[in-house]
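**Q**
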Amino acid sequence: MPSLENGLVVRNVQLSRDLYEMEFIAPNMAGECQPGQFVHVKVGSEDSPLLRRPLSLYDVDHHLGSVILLYKVVGKGTALLSQLQAKNYVDVMGPLGRGFTLPNEKRNVLLVGGGVGIAPLVYLARELKERECNVKVVHGTQTRADLVAGERLGKIGVDFLPATMDGSAGCKGLVTDLLNKKVDPGWVDILYTCGPELMMAAVAEYARRHQIRGQVSLEEKMACGVGACLGCARQAKSNDAHYVKVCKEGPVFDLNDVSWEQSN
Amino acid sequence: MKKEAMLQSDQGSSPNLSVNLGGINLINPVVAASGTFGYGSEYRDFINPAELGAVAVKGTTLEPRAGNAPPRIYETASGMLNSIGLENPGIDGFLKNYLPYLNSQGVTVLANIAGNTIEEYAEMAARIQAHGGIAGIELNISCPNVKKGGLQFGTDPDMVYQVVAAVKAQTSLPVIPKLSPNVTDIVMIARAAQAAGADALSMINTLMGMAVDINSRKPVLGNIFGGLSGPAIKPVALRMIYQVHQEIDLPILGGGGVINAEDALEFIMVGATAVSIGTGIFVNPNLARDVVQGISRYLQANGLDNLEQIRGAALQK
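Protein sequence lines correspond, in order, to chains S and W.
Quick note on numbering that gives the first Met the number 0: the first sequence kicks off at 0 and runs consecutively.
Quick note on numbering that gives the first Met the number 0: the second sequence kicks off at 0 and runs consecutively.
Here's what the structure looks like:
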């Protein structure tokens, strides 16, 4: 069951120009988390910024009872979040939403992350390795400095394939270029992806072309986070006048259930 | 809690927070505003909906509606814009699939209905009357986000009169029109509602607004315009309730930007009988509980034992 807690921040560190990693103690919450779910974080004063910010789970530490977030500073809310220091408290609601569906048996799994979208895939990778899956992680960023998850993924023991737009590390170019060059689609049983909208659309197309099943974790502006306000609507499929709510029915969806029209 | 403190809080008799809103008895004056609390079950992990004085459910139409194309929400300075567009399962879907949970929890339910025509308002009122399980009907004549119905009924006193009268003819339940702030003279609208037999007034709905994305150079919202809510609109809401309370003798369900007990007390002091909370719930899912406790503490601290002693206190003769 989700809860509302004041998490005790144990660290909040800058990893690159605009990426931060924060860990806070919230034992009830940590015990409930599943990969792909999110927490809804309130920062600043009572009315500014007003709404909570949905952030995906980077990992949980069950021994410490802590939740770990990887986030990018994109505006006022995340800028204020980045100023929190160890021993501060952070007002968090969660875990919320529907996470990834994990395979019941040993599978070959491909994870494709773009930018800060790598966050939920790291937590997922750890859970997949615990189920003895073979895991390949593709992470695309602008530049080497943004490949912040490499060490964590190394410890988990996955096959890590980076791609950077400027060629400063790994393959130069888009993750889809890397997929076409370096990954045998026949190897992949299941694919999970999270990242910028255009990247997810391209990865979904890659999966469709190679008939690979999989899931995607979407991002949308949210108010309530629990399916009450109907604000985070997204068109379910092409030519379907039905809107799914990313907070409650997602943020994770089957690739087949998502329309990519709004990203074009 | 220490034993001493517990004894102390037991000693002072807790104030009576119950109110009567146009014939509806509420255990406390805090009401979840339509569209912000879904159908009561969405927040069940955080708060029992029966802790609220009442829950005004999501605006319901005769037929199901898919709602507006995204983006539907956008945060602004101390507020937010929304253009949900009355996404809902239709009146029959609501009564069959969503009302039973609220009834099972013993929640005082306000149905919120929006029609494309006066006949649709009347038809929904008749179905609610026949079904039962609802304490009162809030008339949505102020939704800024739908092409037909909604706001067009709420900005013209003649239309307000006709809608309220048509609904009153179909039901014995208290009828509470929700007024729009997007009018020149809200007292004139309130007077028309009263003349048609409204039992109480709900105010205010959102203020119509918009925002622009300077990178795409387009409106942010898919629907271009949306309704502004949150602390940014509180002064406007207080002013309008003050004006209406001065002129119109009807109980008011008042709100707009309430995010704490102090805000709620302001609404009561300009004449509101009950206080609606909405956007504030998104920020604090326990807001209803916090507001009830905060009002109680205020009354106790000031040696008062009921809300009548402060209602309308801010009105200058």
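All C-beta atoms, glycine included, are put in the ideal place defined by N, C-alpha and C.
CA-CA distance, alanine 240 (chain S) and glutamate 260 (chain S)?
**A** Near 13 Å, if we compare the C-alpha coordinates of glutamate 260 (chain S) and alanine 240 (chain S).
**Q** Nearest chain W C-beta to cysteine 132 (chain S) closer than 8 Å, yes or no?
**A** no
**Q** Might you give, ordered along the chain, the residues of its own chain that have their beta carbon closer than 8 Å to the beta carbon of glutamate 265 (chain W), omitting 5 neighbours on each side?
**A** Taken in chain order, the residues that qualify are Lys233, Leu237, Ala313.
**Q** Is the beta carbon of proline 184 (chain S) less than 8 Å from the beta carbon of leucine 217 (chain S)?
**A** no
**Q** Isoleucine 133 (chain W) and valine 108 (chain W) look like a contact to me (Cβ under 8 Å); what is the Cβ gap, rounded to whole Å?
**A** That belief holds up - the Cβ atoms of isoleucine 133 (chain W) and valine 108 (chain W) are roughly 5 Å apart, short of 8 Å.
**Q** Is it buried or exposed for threonine 163 (chain S), if we count other Cβ within 10 angstroms and need 16 for buried?
**A** Counting Cβ neighbours within 10 Å, threonine 163 (chain S) comes out buried, since at least 16 surround it.
**Q** Going by DSSP, what residue range makes up the beta strand (DSSP E) through serine 55 (chain S)?
**A** Counting along the chain, the beta strand (DSSP E) containing serine 55 (chain S) begins and ends at 52–60.
**Q** Of all the residues that make up the region 40–58 of chain S, which are near chain W by a beta-carbon distance shorter than 7 Å?
**A** Taking 7 Å as the Cβ-Cβ cut-off against chain W, the residues of the region 40–58 of chain S that qualify are Lys41, Glu45, Asp46, Ser47, Pro48, Leu49, Leu50, Arg51.
**Q** May I have the straight-line CA-CA distance separating tyrosine 318 (chain W) from serine 171 (chain W), to the nearest angstrom?
**A** Absent from the model: residue 318 (chain W). The displayed extent of chain W is 0 to 316, so no value can be given.
**Q** Here's a check: name, in chain order, each residue in its chain whose Cβ is nearer than 6 Å to the Cβ of lysine 2 (chain W), leaving out the five neighbours to either side.
**A** In this prediction, lysine 2 (chain W) has a pLDDT of 42, which is less than 50 and means its spatial position is unreliable; nothing more can be read from the coordinates.
**Q** Taking just the CA atoms, how far does glycine 96 (chain S) sit from isoleucine 251 (chain W)?
**A** Isoleucine 251 (chain W) and glycine 96 (chain S) have their C-alpha atoms spaced approximately 36 Å apart.
**Q** Where does valine 211 (chain W) land, buried or exposed, given buried means 16+ other C-beta within 10 angstroms?
**A** It is exposed - the Cβ of valine 211 (chain W) has fewer than 16 other Cβ atoms within 10 Å.
**Q** Output the boundary residues of the beta strand (DSSP E) element that contains alanine 313 (chain W).
**A** Unbroken run through alanine 313 (chain W): none, as it is neither H nor E.
**Q** Alpha carbons only, please: which of W:Ser295, W:Ile240, W:Val30, W:Val243 is nearest the one belonging to lysine 57 (chain W)?
**A** W:Val30
**Q** Would you verify that the beta carbon of arginine 233 (chain S) is, or is not, closer than 8 Å to some beta carbon of chain W?
**A** yes
**Q** State whether the region 61–68 of chain W contacts the region 36–51 of chain W, with contact taken as three or more CB pairs (one from each stretch) at a distance under 8 Å.
**A** No: the two stretches stay apart, fewer than three of their Cβ pairs being nearer than 8 Å.
**Q** Going straight from the alpha carbon of alanine 232 (chain S) to that of serine 12 (chain W), what length do you get?
**A** 47 Å
**Q** Whole angstroms is fine: what's the gap from methionine 5 (chain W)'s alpha carbon to methionine 92 (chain S)'s?
**A** Unreliable placement is indicated for methionine 5 (chain W), whose pLDDT of 43 sits below 50; no coordinate value is reported for it.
**Q** According to DSSP, is valine 215 (chain S) helix, strand or coil?
**A** strand
**Q** If you measure from the beta carbon of leucine 177 (chain S) to each beta carbon in chain W, is any gap under 8 Å?
**A** no
**Q** Which chain S residues are close to tyrosine 42 (chain W), counting only those with a beta carbon under 9 Å from its beta carbon?
**A** Within chain S, the residues near tyrosine 42 (chain W) are Cys223, Val225, Ala227.
**Q** Per the DSSP calculation, arginine 10 (chain S) is bridged to which residue(s)?
**A** S:Glu22
**Q** When you compare each of W:Thr35, W:Glu41, W:Gly22, W:Leu16 to lysine 247 (chain S) by their alpha carbons, which one comes out closest?
**A** W:Glu41
**Q** Can you list the residues of chain W that lysine 220 (chain S) reaches, using a CB-CB cut of under 8 Å?
**A** Pro70, Ile72, Tyr73, Glu74
**Q** From tyrosine 297 (chain W) to valine 290 (chain W), what distance separates their C-alpha atoms?
**A** 10 Å
**Q** Under 8 Å between the Cβ atoms of glycine 153 (chain W) and isoleucine 140 (chain W)?
**A** yes
**Q** Does any C-beta atom of chain W lie closer than 8 Å to the C-beta of leucine 217 (chain S)?
**A** no
**Q** Give the secondary structure of threonine 75 (chain W) by DSSP, where H, G and I count as helix, E and B as strand, and everything else as coil.
**A** Three-state DSSP puts threonine 75 (chain W) in a strand.
**Q** DSSP puts methionine 202 (chain W) in a beta bridge; with which residues?
**A** Answer by DSSP bridge pairing, in chain order: W:Gly253.
**Q** Just checking: is the beta-carbon of histidine 241 (chain S) within a distance shorter than 8 Å of some beta-carbon in chain W?
**A** Taking CB atoms only, histidine 241 (chain S) has a neighbour in chain W less than 8 Å away.
**Q** For a quick check, are the C-beta atoms of glycine 253 (chain W) and serine 275 (chain W) less than 8 Å apart?
**A** Cβ distance < 8 Å, so glycine 253 (chain W) and serine 275 (chain W) count as in contact.
**Q** For lysine 217 (chain W), write down the residues that DSSP places opposite it in a beta bridge.
**A** W:Asp212
**Q** From what residue to what residue does the beta strand (DSSP E) around valine 108 (chain W) run?
**A** 108–112
**Q** Does the beta carbon of valine 282 (chain W) come closer than 8 Å to any beta carbon on chain S?
**A** yes
**Q** What first and last residue would you give for the beta strand (DSSP E) that runs through tyrosine 42 (chain W)?
**A** No beta strand (DSSP E) contains tyrosine 42 (chain W), which DSSP labels as neither H nor E.
**Q** Return the CA-CA distance between isoleucine 247 (chain W) and glycine 21 (chain W), expressed in angstroms with no decimal places.
**A** 13 Å
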